[in-house]
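If you count by my numbering, then the sequence shown holds residues 852 to 1542, one letter each, in order.
Glycine residues also receive a C-beta, built at the ideal position from the N, C-alpha and C atoms.
Down below is the structure, laid out as structure tokens.
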Amino acid sequence: MTTLINDDLVLLDANLGTDTTSVIRNLAELIAKTGRAAEVEGLFADALAREQKTATGVPGGIAIPHCRSEAVLEPTLAMARLNPAVDFGAKDGPADIIFFIAAPAGADNEHLKLLSKLARSLIKKDFTAALRAAKSPAEIVALVEGALADKPKAATPTPAPVAQGAAGSTDPGAAGAAAAPATRQKRLVAVTACPTGIAHTYMAADSLVLAAQEAGVDLQVETQGSGAVTPLDPAVIAAADAVIFAVDVDVRGKERFAGKPLVSSPVKRGIDEPAKMIQEAIAASDNPNAHRVPHFGAEENAENRAEASSESLGSKVKKVLLTGVSYMIPFVAGGGLLIALGFLLGGFQIPDFADKILTGNSLANLPTDYPEQALGPVGAYLGAVAFKIGSLSMAFLVPALAGYIAFGIADRPGIAPGFTAGSVAVFMGAGFLGGLVGGILAGLAAYWIGSWKVPRWLRGLMPVVIIPLLGSIIASGAMLLFLGSPIASLSEGLNSWLTGMTGTSAVVLGIILGLMMCFDLGGPVNKVAYAFAVAGLGAGSIAAQAPWEIMATVMAAGMVPPFAMALATVLDKKRFSLAERENGKAAWLLGASFISEGAIPFAAADPLRVIPASMLGGAVTGAMTMAFHVTSQAPHGGFFVFFAIGNLAMFAVSILVGTVIAALAVVALKRWAVRKPVDTLAATQPATQAA
């Protein structure tokens, strides 16, 4: 096993700048200089991205920036004793002791255990005092190697609670089997976990253990780190009075703790305020009304509703509408592609022939009367089949939207009233807007009826009979009697306006849609633009192609960000980390498939450069597709649904132009719009040598 730290990786009383970015960059340069990282930029970008998720400063003037990176060649520790100290986000002030933990993307469990053991040592005051008193890098290396040696020391002579998991050392059932004292001490269990699972996971575990020991509490901790996880013994969990989750990620096996009083906080609070968390858990164990880990089923749904009740109105509306759209899209995706295939095989007149062909012909009796553009009798028949299946699937667009909006509000009892209200909206000609209104009405009605207090004998009938019946009467009745006709008039007006869009107004719409598609790469704004295009797709026709043009614009603009990031990594490799260059290779395929999320790794690491550049390229592409009347009858698929694209050449040219613009913009921003470190590593060398 390689040595994690040596004299060349230690800087004493060094000035590495005045902010976290400068310190991390200088330490990344130090690691690369010693040959333990393939490049500086990749390691720096990965460590900075981790720092931006959660500050790595901890009490006692300590900071532990850390990451796993493709750029790291072997597990490495770099240590700096800073002068001046730099604020890494700890509550008690800036940090003067910095340990940069750099682990390869595929670090083995043994190395991860050693790295976690170092993190645990940093909460011990005698260890950090020795680090501050050291006179040379060799003393620092000796102290670290001593901490990493497998010689655990008990904090007190009395049996202490233990933290277990990847770095645990005791039988998880031991404490549960110990004889209880005359006055039974409280028994707690905890789970700690952080995104990288290297440092904070284990520091939080040990901090909680020490706080529990001081409080006279029996605490068992499961560390869900990067290495192998040793689960808590079920008997220990069953005997626990309360549970602590100090996590920044989802707890694995959460159902094991169902019904236990719960205290939940970010993992960093387990390091900063362990005593408070222990006291909160003790209080929760004695409180019959304390928040509890939900059972997975009705109780979990009830908790989700309780959490939803605390959301803002805007968040609730957004969540409900996106629920409806997400369930609607599969109907439209399959249906749209089949309709496009029907046009390809049967010609653009296939809608006028489909019913006649399907009722009068079969594969054994091919049609003789079919569109001139069809690919022969077989093409005409298969085109009619594809077109009809697609049309029937598309007919579910509005009912599915309404049904699942209602589902988002009232859960399963809302589905039937929602689908019914959506079907009424179609009957009334109210279209997409009618589906929105009908779904909301149905969901609210079902939710209200479901809240009624009814006799026990009637409860079983509520979700299957009473709620669907009364919810449908209320929502669909309102649509038929009062709302359907006005909404139909509004929908007809909007369709006429879109159909009549030409010239400048169409280009402006293309720019707006392009900006929206690239703003958050699959987020709410992106989904609003996409839902707008998909909702109108069914209204498109050979005579009225504006909805198809909008669909093409949305799809083309959404393909620009991943393409642009892939191209940028080729144009200027050194501006991107090794991991980003690997993501760039995958982004070519993701872009071709119209998966905007392919650019998310780049945007997450550098949003202020990537997103504006992507929006610029997307806006240009959107304007061009509308100006050249590019159409798409398919709602998804990118270049793989080429047969559904009208004016395919300009579709490709528009994407190419937007991609080049966005790629050049992001490279320019990364090259010139940068914040240069105040101090460089070279400037620190005299101080280091003097030490």
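Strand pairing of residue i, partner residues [DSSP]
i, result
"I1095", "A1041 and V1114"
"I913", "V909 and I948"
"I1496", "S1483"
"L1520", "Paired residues: none, contrary to the question."
"S1213", "N1216"
"C918", "A953"
"V861", "M930"
"R1143", "P1112"
Local Cβ density within 10 Å of residue i, reported as buried at 16 or more and exposed below that
i, result
"N934", "exposed"
"A1384", "buried"
"L1092", "What sits at residue 1092 in the sequence shown is Asp, not Leu. D1092 is buried by the Cβ-count criterion."
"T854", "exposed"
"A984", "exposed"
"L1440", "exposed"
"I1512", "buried"
"I1324", "exposed"
"R887", "buried"
"E1343", "exposed"
"P1306", "exposed"
"L1422", "exposed"
"G1282", "buried"
"V874", "buried"
"D1206", "exposed"
"I1393", "exposed"
"R932", "buried"
Three-state secondary structure assigned by DSSP to residue i
i, result
"T1009", "With a pLDDT of 39 at T1009, under the threshold of 50, the predicted position of this residue should be treated as unreliable, and no value is reported."
"E1106", "helix"
"I1446", "coil"
"T1535", "Confidence at T1535 is low in this model, with a pLDDT of 42, below 50, so the placement of that residue should be treated as unreliable; the coordinate-derived value is given next. If DSSP states are grouped into helix, strand and coil, T1535 belongs with the helices."
"T1482", "strand"
"V1183", "helix"
"A1464", "helix"
"N934", "strand"
"P955", "strand"
"S1342", "helix"
"V923", "strand"
"A929", "strand"
"T1404", "helix"
"L867", "coil"
"V1072", "strand"
"A888", "strand"
"I856", "coil"
"D1457", "coil"
"S1428", "coil"
"K1119", "helix"
"Q1036", "coil"
"V874", "helix"
"G1027", "At G1027, the pLDDT of 42 sits below 50, so the modelled position is not reliable and the matter cannot be decided from this model."
"N1434", "helix"
"I1451", "helix"
"A1380", "helix"
"P1306", "coil"
"D1057", "helix"
Contact check, residue i vs residue j, beta carbons under 8 Å
i, j, result
"A900", "A922", "no"
"F1182", "S1244", "yes"
"A970", "F939", "no"
"S1444", "G1497", "no"
"S1505", "T1482", "no"
"P1112", "A1089", "no"
"L881", "L894", "no"
"G1449", "T1510", "no"
"E1433", "F1453", "no"
"G807", "M1330", "Here the chain has residues from 852 to 1542 only, and residue 807 is not among them."
"D1069", "R1038", "yes"
"A1235", "I1208", "yes"
"A981", "L994", "yes"
Inter-residue CB distance, residue i and residue j (contact presumed, cutoff 8 Å)
i, j, result
"V1087", "Q1071", "5 Å"
"G1269", "A1293", "4 Å"
"G1301", "I1318", "6 Å"
"G1273", "G1259", "The pair is not a contact, with the Cβ atoms about 14 Å apart (cut-off 8 Å)."
"L1083", "I1129", "Their Cβ separation, rounded to whole angstroms, is 17 Å, which puts L1083 and I1129 out of contact at 8 Å."
"T1043", "V992", "Wrong, their Cβ atoms sit about 28 Å apart, outside the cutoff."
CB contact check: residue i to chain C, cutoff 8 Å
i, result
"P1268", "Of the chains in the structure shown, none is chain C; there is only one protein chain."
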